[in-house]
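One structure is given here, and the rest of the page talks about it.
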Amino acid sequence: GSIDSTVRCWDCRSRRPDPVQVLDEAKDGVSSVKVSDHEILSGSVDGRVRRYDLRAGQLYSDYIGSPITSVCFSKDGQCALAASLDSTLRLLDKETGELLGEYTGHRSTAYRLDCVLSEQDTHVGSASEDGNVYFWDLVEGSLALSLAVGRSVVQSLSFHPTLPCLLAATERHVQLWREETFQPEGDAA
Amino acid sequence: AAAESSDSEEEDLVSYGTALQPLQEGERIKKPVPLQEQTVKDAKGRYQRFHGAFTGGFSAGYFNTVGTKEGWTPSAFVSSRQKRADRTILGPEDFMDEEDLSEFGIAPKDITTTDDFASKAKDRIKEKARQIAGVVAAIPGTTAFDDLIGPSKITVGVELLRKMGWKEGQGIGPRVKRKPRRQKPDPAVKVYGCALPPGLSEGSEDEEDEYQPENVTFAPKDVMPVDLTPKENVHGLGYKGLDPSQALFGVSGRQHLNLFTGGSEDTSNLLGDLRHSKGRKLGITGQAFGVGALEEEDDDIYATETLSKYDTVLKDEEPGDGLYGWTAPKQYKSKKRSEREVKYIGKILDGFFLASKSSTPSKIYPPPDLPRNYRPVHYFRPVIAAGNENCCLQKALEESTGKIGSDTTQQSRHALNASQRREQLGETGLKGPAPSVLEYLSEKDRERLKEVKQASEQQMKAKILPQQSRNSRFQPASPDDASHKWQMLLGGQLANAGSSDFKPFARNPEKQKRYESFVRCLKQGEKDTLEHYLDPSMTEWERGREQEEFFRAAMFYKSSNSTLSSRFTRAKYEDDVDKVEVPRDQENDIDDKETAVKMKMFGKLTRDKFEWHPEKLLCKRFNVPDPYPDSSIVGLPKVKRDKYSVFNFLTLPEPTTSVTQATNENIQQNNSLNKAKKPSRWDVSDKEKEKKDSISEFISLARSKADVQQQPPVSATEECGTGPSETLPTEVTNEDKDQEEESRPSMDLFKAIFVSSSDEKSSSSEEESDEEQQPTSSGIDSETTKQADLPDSSSFNVQGKIVATSTDPGVSLSPTSKQELDATEEFGPKLPPAFSSGRFCRLLAYKFCTLNRKEKHRKHREKHKTKREHKHKKEKKKKHKKQKNKGKNKNKKSEKDSSSDTADSSDSLSDIDTTGLSPKELLRR
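For the protein sequence lines, the chains are D and E, in the order given. Count along the first sequence starting at 1, add 2, and that's the number in the working numbering. Count along the second sequence starting at 1, add 179, and that's the number in the working numbering.
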């Protein structure tokens, strides 16, 4: 994903410096790219989440409106989570583009903040500009946990794909959160 | 060769060299002479041997030795008493060969002119050489003796002249009579003269002049030949080296400061008289190092010995006679300089004379007087951009600097545009076709542009003046300040607007005519009469709007039109490629999407689905089969479309893409199907597009109505959160809830409507259906609307209007088509793609059904309770008009009362063009 509003796919096995394919449908910078086994999911500042389905040969473009900061697939591959600059996370049905859930409460207005899904798709997490990491229950949409990670913006956030393990980066620190502290509250919710 | 050339056949041949002698019979070929036997003999038969490495020099004697092979043999010394051995003196000739003495030999013996007869010029050179030798010689002046002793050489010419009676010092020519004329010597000459020795020609001539007999003729005066000797040294002009005779020997003792010997010497030299110069001593006089231009000549310390040369008394002032010679103090000397011609004393170079007239002193002009308040300090004036906010500052500055408002019209040159600069410079404008830019656009585009403009304008107004009364906004009751404002804005550039052939309303000739007259009168500044040019049949509100529109058009196109059109010209040749590659599928306009997002209506409305071709290698790397194995396209498929078509700017939902789960073959089939159907689809989408553009305007209209009418519920429904600007958030949320409940009708209801609807229902019947119409019976086919209306149009006035508007893209029967499109978006996929018209019909039916439900749901509806949404809107508009109490609407009102809803709606449609239903509206239902 590039700020020149393209997603470029390179072939790592060849030595050609040119990308195999350039996905230049975005109208503004591409802020986030995720790849599944047959899809490319890209979030762009033009407020659209584009999913390139290689298997079906289709491009699905979902309009969110606010600039997208981060996108991610759910583990089951049915949903796509999109964080945008209107301080909202949206869970979209991948196939239809319908809105399955909306998660608010954090603050994301200026930074390119990450959003995550927990290892079992039970929770939705997002970094915030107030130094917390927020977790919502995926189904209910209620705020399940707000994790005080630091005092300033949580720059980066990622969730372990299989373990309940969270990695957060904020102001010169990278923090690793495990289930001892995380699981009771998260699972309780 | 000559024989050969004589032959006629071989005349063409060119032969070189000498032909060999034809061999005789039996004769042997001669052997060539070997090199050693090739000898050279001189004229006397002696062998000559080439000598020298390269040259043909000859050796002399015997191998460059004397004599013979035996060498040089001295002659035997023989001496006896009788015969003494005579001493033979051997000259060079004795050792030379005879041929060397020949004409071309080393020492040719031929007749040459002797010195006596040689030219005198040679002698002169010799003379000079001798002079120089005399100077250089250890004892100067010794050569003078040689001159004295040596024989006098007189050239033949001089001797001949002498024999003819010529004498030295005389001129050549016939004798002339000369008047006794006293030669009054020049003062300068006088100075020269006294230096001359007394016995010289000048003195004698003077003597002759004194006693002059009457009948005696004289020889002409000798002409002094010009000294043409070139200056070969690098000394300054007139420089002469130190004369040792003067400097060292006692010349100065005899001769008191003879400064001007040089001058006399020169004259004698010029005379060319050697004899004269013989008498005096030779040598050079002058100073050793010369005198610089700014220096004064030093006194000749060797020459001056008298005490009078020295100052004996030290005193400040000089004696009053002013005669001080060279040693005069400066002030005296400078005083003397003014009378230069007389007082100049000094050496005058050969060929130079004192100027008779003193050169006029160069006039010196005084510098200009500085103004009294001039301060020799430069300060920089601050540069102020001519913005609005800077106006005050600039004015203040200008006042402070003294130019108070005198040149307010004179803006800074950067603030001027090209045409203004051109006017100031007095240039003529660029000649060229001056079509408006709009002419290049298609009609539909133009219409669209206009609508967008109006809509934005309306929106802006709605934002700026939300609390203002409707009078200030819609009624041209404020034309005075409005036109005043506009005139201020337009300024003098308005003149361009009317003159150019810019026709913003070319599509509507009547309106264009109105616009032109409007501009004309605006130019003349008649604000009051502006109204007259507007259509009197229009409502006041419309007129106000049109006026505003005209103002805007006049301002908008004032300069850009003229400047642009003068720069560009129409294409002379048709572009044969008026097709461009555009992506076939483009993402839809985000307007309706935005509203959908606001209403959290994610899904179909916010989703665009395109056919996308991944790169084959990408598929391989993803370990996915290529979805389009046969296609060579990568990315989004592109199609060729008209370059200037509106459709390039439109986005249309691709129905085929909605048939998603089909196989590859199916998809491709659908694509082809889709392509085949395209033209009709585009028509639809075109209209839809215009609807979309009109949405915002419509919203603003509704909002204004809300302001006017004090009907909060209605306004709420009109606002209903569809507008981009959420003015009434609470109501919007309420409405949203309702919509969310209703937006997703169950599928069976949908199907039921489909089944019950009839395709053959014409729109005319639908239009004429009254308010009590049942939702199920209100099925319409938008496609057939136009055609069905045609027969009725003649009978029904208003219907004719409908027809007109329907053909007009901008004012077309938008709601139906719009609805239809929305319906297509939502429900198209479920239907087989082949039955488009039938689907439309059903969709419409569904739509109306939902509309009806919606209507029922809303209690705040008007008493008319029209089932269809667009009717509702139009009614509101009519109400709005009613409130304005325009008589024009009265018959229409009556029409409406007589339950002809269609007439009303269509009328209002045509009156206020570009009122359409937005997809957002539909969404809400």
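No residue lacks a Cβ here, since even glycine has one placed at the ideal position from N, Cα and C. Since the structure is predicted, the reported quantities are computational estimates derived from the model, not experimental observations.
Around the beta carbon of residue 785 of chain E, 16 or more other beta carbons lie within 10 angstroms, which makes this residue buried.
Comparing alpha-carbon positions, the option among D/139, D/147, D/109, D/19 lying closest to residue 131 of chain D turns out to be D/109.
Residue 107 of chain D sits away from residue 73 of chain D, with the two beta carbons spaced by 8 Å or more. Under a 10 Å Cβ-count criterion, residue 14 of chain D is classified as exposed, with fewer than 16 other Cβ atoms of the shown protein chains found around its own Cβ.
Pairing residue 115 of chain D with residue 134 of chain D gives a Cβ-Cβ distance that is not under 8 Å. Identification of chain D residues near residue 779 of chain E by a Cβ-Cβ cut-off of 8 Å yields 101, 104, ordered along the chain.
A residue is called buried once 16 or more other Cβ atoms fall within 10 Å of its Cβ, and residue 530 of chain E, having fewer, is exposed.
Closer than 8 Å to the CB of residue 628 of chain E there is not a single CB belonging to chain D.
The criterion of a C-beta distance shorter than 8 Å is satisfied by residue 170 of chain D and residue 129 of chain D. Residue 99 of chain D has its alpha-carbon roughly 32 Å from the corresponding atom of residue 630 of chain E. Shown here, residue 11 of chain D sits in a strand according to DSSP, grouped into three states. At least one beta carbon of chain E lies nearer than 8 Å to the beta carbon of residue 39 of chain D. Counting along the chain, residue 117 of chain D sits inside the beta strand (DSSP E) bounded by residues 117-119. Remark: fewer than three beta-carbon pairs, one from each stretch, lie closer than 8 Å, so the segment 795-809 of chain E and the segment 67-82 of chain D are not flagged as touching. Membership of residue 35 of chain D in the beta strand (DSSP E) is indicated by the continuous run 32-37.
Taking 8 Å as the cut-off, the beta carbon of residue 87 of chain D is found closer than this to the beta carbon of residue 69 of chain D. The alpha carbon of residue 696 of chain E has as its nearest neighbour, out of E/216, E/726, E/213, the alpha carbon of E/726. Apart from sequence neighbours up to five positions away, the residues of its chain that approach residue 160 of chain D with a beta-carbon distance below 7 Å are 116, 118, 169, ordered along the chain. Contact between residue 59 of chain D and residue 35 of chain D fails: their C-beta atoms lie close to 19 Å from each other, not under 8 Å. The C-beta distance from residue 61 of chain D to residue 815 of chain E rounds to 7 Å, short enough to fall under 8 Å.
Selection E/341, E/730, E/285, E/733 evaluated against residue 272 of chain E yields E/285 as nearest (Cα-Cα).
Partner residues in the beta bridge of residue 62 of chain D, as assigned by DSSP, are D/53, E/788. By the 16-neighbour rule on beta-carbons within 10 angstroms, residue 137 of chain D is buried.
When 9 Å is used as the limit between beta carbons, residue 817 of chain E is near no residue of chain D, the shortest such separation being about 12 Å.
Listed as beta-bridge partners of residue 161 of chain D by DSSP are D/168.
When beta bridges are read from the DSSP output, residue 70 of chain D appears opposite D/86. The residue from D/101, D/124, D/174, D/25 with its alpha-carbon nearest to that of residue 158 of chain D is D/174. Straight-line spacing of the CA atoms in residue 57 of chain D and residue 807 of chain E works out to 9 Å. In this structure, the CA atom of residue 408 of chain E is about 15 Å from the CA atom of residue 415 of chain E. A Cβ-Cβ distance of about 5 Å is found for the pair residue 103 of chain D and residue 143 of chain D, placing them in contact under the 8 Å criterion. In the three-state reduction of the DSSP assignment, residue 106 of chain D falls in the strand class, which pools E and B.
Proximity of residue 631 of chain E to chain D, defined by a Cβ-Cβ separation below 8 Å, is not satisfied.
Annotated as proximal: residue 125 of chain D and residue 146 of chain D, with beta-carbon spacing under 8 Å.
Around the Cβ of residue 268 of chain E, a 10 Å sphere holds fewer than 16 other Cβ atoms; the residue is exposed. Per DSSP, reduced to three states, the secondary structure at residue 775 of chain E is helical. In this model, residue 42 of chain D and residue 19 of chain D are separated by some 20 Å (Cα to Cα).
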